[in-house]
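Undergrad:
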Amino acid sequence: MKKILNLFYTFLKIGAFTFGGGLAMLPLIHRELVENKKWISDKDMLEMIAVAESTPGVIAVNSATYVGYVIAGFWGALFSTLGVILPSLIIIITISFFYDKFLAIKTVEYIFNGIRAGVVVLILNGVLRLFKVSPKNIFSYVLIVLALILSLLLGLGTIYIIIIGAFLGMLYSTYTLSEVEYYEYS
Amino acid sequence: MNILNLLLMMWTFFKIGLFTIGGGYAMIPMIEEQAIAHGWITELELLDFLAVSESTPGPFAVNIATFIGFSQEGIIGAIFTTIAVITPSFIIILLIAKFLTSFADNKTVQGILSGIKPIVVGLLIGVVLNLIFKGITTDSFDINNFSLQQIDFRVIIIIVIILTISRIFKKINPIFLILISGALGYLFYGLLGFMF
Numbered sequence: 053m054k055k056i057l058n059l060f061y062t063f064l065k066i067g068a069f070t071f072g073g074g075l076a077m078l079p080l081i082h083r084e085l086v087e088n089k090k091w092i093s094d095k096d097m098l099e100m101i102a103v104a105e106s107t108p109g110v111i112a113v114n115s116a117t118y119v120g121y122v123i124a125g126f127w128g129a130l131f132s133t134l135g136v137i138l139p140s141l142i143i144i145i146t147i148s149f150f151y152d153k154f155l156a157i158k159t160v161e162y163i164f165n166g167i168r169a170g171v172v173v174l175i176l177n178g179v180l181r182l183f184k185v186s187p188k189n190i191f192s193y194v195l196i197v198l199a200l201i202l203s204l205l206l207g208l209g210t211i212y213i214i215i216i217g218a219f220l221g222m223l224y225s226t227y228t229l230s231e232v233e234y235y236e237y238s
Numbered sequence: 289m290n291i292l293n294l295l296l297m298m299w300t301f302f303k304i305g306l307f308t309i310g311g312g313y314a315m316i317p318m319i320e321e322q323a324i325a326h327g328w329i330t331e332l333e334l335l336d337f338l339a340v341s342e343s344t345p346g347p348f349a350v351n352i353a354t355f356i357g358f359s360q361e362g363i364i365g366a367i368f369t370t371i372a373v374i375t376p377s378f379i380i381i382l383l384i385a386k387f388l389t390s391f392a393d394n395k396t397v398q399g400i401l402s403g404i405k406p407i408v409v410g411l412l413i414g415v416v417l418n419l420i421f422k423g424i425t426t427d428s429f430d431i432n433n434f435s436l437q438q439i440d441f442r443v444i445i446i447i448v449i450i451l452t453i454s455r456i457f458k459k460i461n462p463i464f465l466i467l468i469s470g471a472l473g474y475l476f477y478g479l480l481g482f483m484f
């Protein structure tokens with residue numbers, strides 16, 4: 053019980069002090085859970101990152117759920133997850149109360165005209181970061197172009213495009229794998 | 289309060305949570321498609337909110353679910369859409385932690401991810417192109433009756449400046465980029481607004 057409350061509080065802190073989300077919180081998790089409390093090992097931490105990145109959803113939330121479960125079972129998972137999202141929930145609800153009135157001010161409107169342009173650059177940089185962790189081969193480049201064509205030119209739904217990508221990735225990996233095996237045995 | 293709208297929002301964010309792999313910005317194409325199609329948010333509001341989300345703690349996906357939930361159905365909406373967006377991963381992670389060891393090393397999982405990652409890159413490039421196009425063209429834009437008056441050059445100028453800064457100072461905190469672009473916005477739209 054004490055451990056669960058402690059997990060809740062730890063992830064509450066992590067959620068309240070991570071700007072930029074996701075991977076930005078990993079150093080904090082490491083310091084709190086591996087170095088200070090010694091609840092998980094470095095190996096657990098690596099496993100957690102691998103799982104959080106390869107499953108759907110928000111990396112921060114996935115990490116909290118996984119670590120919570122490893123340390124204290126279902127209730128650990130539940131309270132770690134609640135802890136990590138509670139700060140943003142409260143902060144965003146608070147901001148939402150003032151948001152419309154705030155944006156109606158003329159000066160703020162000018163400022164946000166600039167910010168919108170700046171945010172496009174932030175997204176662009178996000179694309180570059182994702183590109184860096186994507187596989188670097190012809191198959192991967194073909195998929196990038198395919199996604200562009202399907203979404204922009206043909207207007208296919210995002211979910212279907214992602215499913216197509218998952219399916220092609222699975223096919224490609226079994227194909228390349230069997231090719232390697234073929235060479236090994238021939 | 290509109291229960292049907294709340295359920296529709298929860299279902300939509302459940303799907304978004306289920307089909308976003310790689311976290312954070314990987315979610316933008318789906319939010320752009322789903323939330324804008326339902327009229328919960330416009331493209332401009334999405335950009336505004338991205339700036340808010342970058343400047344506040346917490347993951348973007350959770351923040352945007354809370355924000356849209358609140359704007360539609362108040363605090364109840366905020367809480368339930370937020371729960372909806374994290375539910376799929378919560379269940380999936382629990383199952384993996386309980387039953388699957390070395391999940392991430394699995395060949396099939398690796399294959400699926402090697403397909404999804406580039407797809408998401410492609411989708412995001414599409415979003416960026418779309419946003420730049422919407423940003424630099426004014427409401428009166430008409431491809432058949434094109435004139436330079438329909439282009440907002442200030443957006444191009446700000447994008448180029450911010451892009452240059454972010455390429456030179458690679459470690460710069462995004463919050464600073466947002467502050468600088470806000471200042472540039474005030475300069476070009478407020479102080480120098482008469483020139484354009």
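Protein chains in written order, with this note's numbering: chain A, 53 to 238; chain B, 289 to 484. Where is the CB? At the ideal position from N, CA and C, for every residue including glycine. Source: prediction; values computed, not measured.
Sorted by chain position, which residues of the same chain lie with C-beta nearer than 6 angstroms to PHE464/B's C-beta, five sequence neighbours on each side aside?
TA: If we look at PHE464/B and ignore the five residues flanking it on each side, it has no Cβ neighbours.
Undergrad: CA-CA distance, ALA351/B and LEU141/A?
TA: Here residue 351/B is Asn; the residue named in the question, Ala, does not match the sequence. Roughly 7 angstroms separates the two Cα atoms.
Undergrad: Got a sec? Which residues, its chain only, sit under 6 angstroms from LEU202/A by beta carbon, not counting five neighbours each side?
TA: So the qualifying residues of the chain are LEU208 and ILE213.
Undergrad: Can you check DSSP and say which residues form a bridge with ILE144/A?
TA: DSSP, once it has assigned bridges, lists no residue as partnering ILE144/A.
Undergrad: Run through DSSP, which three-state label would THR425/B get?
TA: Note: THR425/B maps to strand in three-state DSSP.
Undergrad: Give the interface partners of ARG83/A over in chain B, defined as CB-CB distance under 8 angstroms, in chain order.
TA: Going along chain B, no residue has its Cβ under 8 angstroms from ARG83/A, so there is no contact; the nearest lies around 17 angstroms.
Undergrad: To the nearest angstrom, how far is it from the Cα of GLY120/A to the Cα of GLU342/B?
TA: Going by the C-alpha atoms only, they are around 26 angstroms apart.
Undergrad: Fully enclosed by the segment 102 to 136 of chain A, which beta strand (DSSP E) runs are 3 residues long or longer?
TA: Counting whole runs of 3 or more residues, the segment 102 to 136 of chain A contains no beta strand (DSSP E) stretch at all.
Undergrad: Under the assumption that THR369/B contacts MET297/B (Cβ atoms under 8 angstroms), give the Cβ distance between them as a whole number of angstroms.
TA: Right, the Cβ-Cβ distance comes to about 5 angstroms (below 8 angstroms), so this counts as a contact.
Undergrad: Distance, Cα to Cα, PHE131/A vs ILE175/A?
TA: PHE131/A and ILE175/A: Cα-Cα distance of roughly 31 angstroms.
Undergrad: For LYS466/B and chain A, any beta-carbon pair shorter than 8 angstroms?
TA: The question names Lys, but residue 466/B is Ile in the sequence shown. Closer than 8 angstroms to some Cβ of chain A, the Cβ of ILE466/B qualifies, so yes.
Undergrad: Which residues mark the beginning and the end of the alpha helix (DSSP H) in which GLY489/B is found?
TA: Residue 489/B lies beyond the stretch modelled for chain B, which goes from 289 to 484, so this question has no answer here.
Undergrad: Suppose you measure from the CA of LYS90/A to the CA of TYR118/A; what does that come to, to the nearest Å?
TA: C-alpha separation (whole angstroms): 16 angstroms.
Undergrad: Near GLU321/B, which residues of its chain fall below 8 angstroms by C-beta distance, leaving aside the five closest residues on each side in sequence?
TA: So the list is empty, once near-sequence residues are dropped.
Undergrad: Which residues in chain A have a C-beta closer than 7 angstroms to the C-beta of ASN351/B? List them in chain order.
TA: Within chain A, the residues near ASN351/B are SER140 and ILE144.
Undergrad: Any chance the CB of ILE167/A is under 7 angstroms from a heavy atom of the ligand FAD?
TA: In the structure shown, the ligand FAD is absent, as is every other ligand, since no ligand is present at all.
Undergrad: If I'm right that PHE358/B touches ALA366/B with Cβ under 8 angstroms, what's the distance once you round it to whole angstroms?
TA: Contact holds; Cβ gap of about 4 angstroms.
Undergrad: Have a look at PHE476/B, SER454/B, PHE421/B and ALA325/B and flag the residue whose alpha-carbon is nearest the alpha-carbon of GLY242/A.
TA: Because chain A is modelled from 53 through 238, residue 242/A falls outside the range shown and cannot be assessed.
Undergrad: Alpha carbon to alpha carbon, how far is LEU195/A from LYS405/B? Give it in angstroms, no decimals.
TA: Distance between the alpha carbons of LYS405/B and LEU195/A is about 9 angstroms.
Undergrad: State the DSSP-derived secondary structure class of ILE460/B, mapped to helix, strand or coil.
TA: ILE460/B: coil per DSSP, three-state reduction.
Undergrad: What residues match up with PRO79/A in a beta bridge as DSSP calls it?
TA: Paired residues: none, contrary to the question.
Undergrad: Give, in chain order, every residue of the segment 379 to 406 of chain B whose Cβ lies closer than 7 angstroms to some Cβ of chain A.
TA: Going along the segment 379 to 406 of chain B in chain order, one finds ILE380, ILE381, LEU382, ILE384, ALA385, PHE391, ALA392, LYS395, THR396, VAL397, GLN398, GLY399, ILE400, LEU401, SER402, GLY403, ILE404, LYS405 and PRO406 with a Cβ nearer than 7 angstroms to chain A.
Undergrad: Distance, Cα to Cα, SER106/A vs LEU401/B?
TA: Roughly 7 angstroms between the two C-alpha positions.
Undergrad: Do you know offhand how far PHE307/B's Cα is from TRP299/B's?
TA: The alpha-carbon atoms of PHE307/B and TRP299/B are separated by roughly 12 angstroms.
Undergrad: Around the C-beta of TYR61/A, are 16 or more other C-beta atoms found within 10 angstroms, so that it is buried, or is it exposed?
TA: TYR61/A comes out exposed.
Undergrad: Expressed to the nearest angstrom, what Euclidean distance is found between the alpha-carbon atoms of ARG455/B and VAL179/A?
TA: Taking the straight line from one Cα to the other gives about 14 angstroms.
Undergrad: Please decide whether TYR121/A counts as near chain B, where near means a Cβ-Cβ distance under 8 angstroms.
TA: Yes - at least one Cβ of chain B is within 8 angstroms of the one on TYR121/A.
Undergrad: How would you list, in chain order, the residues of chain A whose beta-carbon sits under 7 angstroms from the beta-carbon of THR308/B?
TA: Simply PRO108 and GLY109.
Undergrad: Is it buried or exposed for TYR237/A, if we count other Cβ within 10 angstroms and need 16 for buried?
TA: Confidence at TYR237/A is low in this model, with a pLDDT of 46, below 50, so its placement is unreliable and the value that follows should be read with caution. Classification of TYR237/A: exposed, given that the 10 Å Cβ count is below 16.
Undergrad: With the cut-off set at 8 angstroms, would you say PHE391/B and VAL113/A are in Cβ contact?
TA: No. Outside cutoff.
Undergrad: Here's the rule I'm using: 16 or more other beta-carbon atoms within 10 Å means buried, otherwise exposed. How should MET318/B be labelled?
TA: Counting Cβ neighbours within 10 Å, MET318/B comes out buried, since at least 16 surround it.
Undergrad: Taking only beta-carbon atoms, is PRO79/A less than 8 angstroms away from chain B?
TA: So no, PRO79/A is outside the interface.
Undergrad: Look at ILE444/B and LEU472/B and say whether their C-beta atoms are less than 8 angstroms apart.
TA: Taking 8 angstroms as the Cβ cut-off, ILE444/B and LEU472/B do not qualify as a contacting pair.
Undergrad: In terms of DSSP beta bridges, what is ILE439/B paired with?
TA: Bridge partners of ILE439/B: THR425/B.
Undergrad: If the cut is a Cβ gap below 8 angstroms, which residues of chain A does PHE441/B touch?
TA: Those within 8 angstroms of PHE441/B in chain A number zero; the least Cβ separation is about 11 angstroms.
Undergrad: Output the boundary residues of the alpha helix (DSSP H) element that contains LEU295/B.
TA: Where LEU295/B is concerned, the enclosing alpha helix (DSSP H) stretches over 291 to 307.
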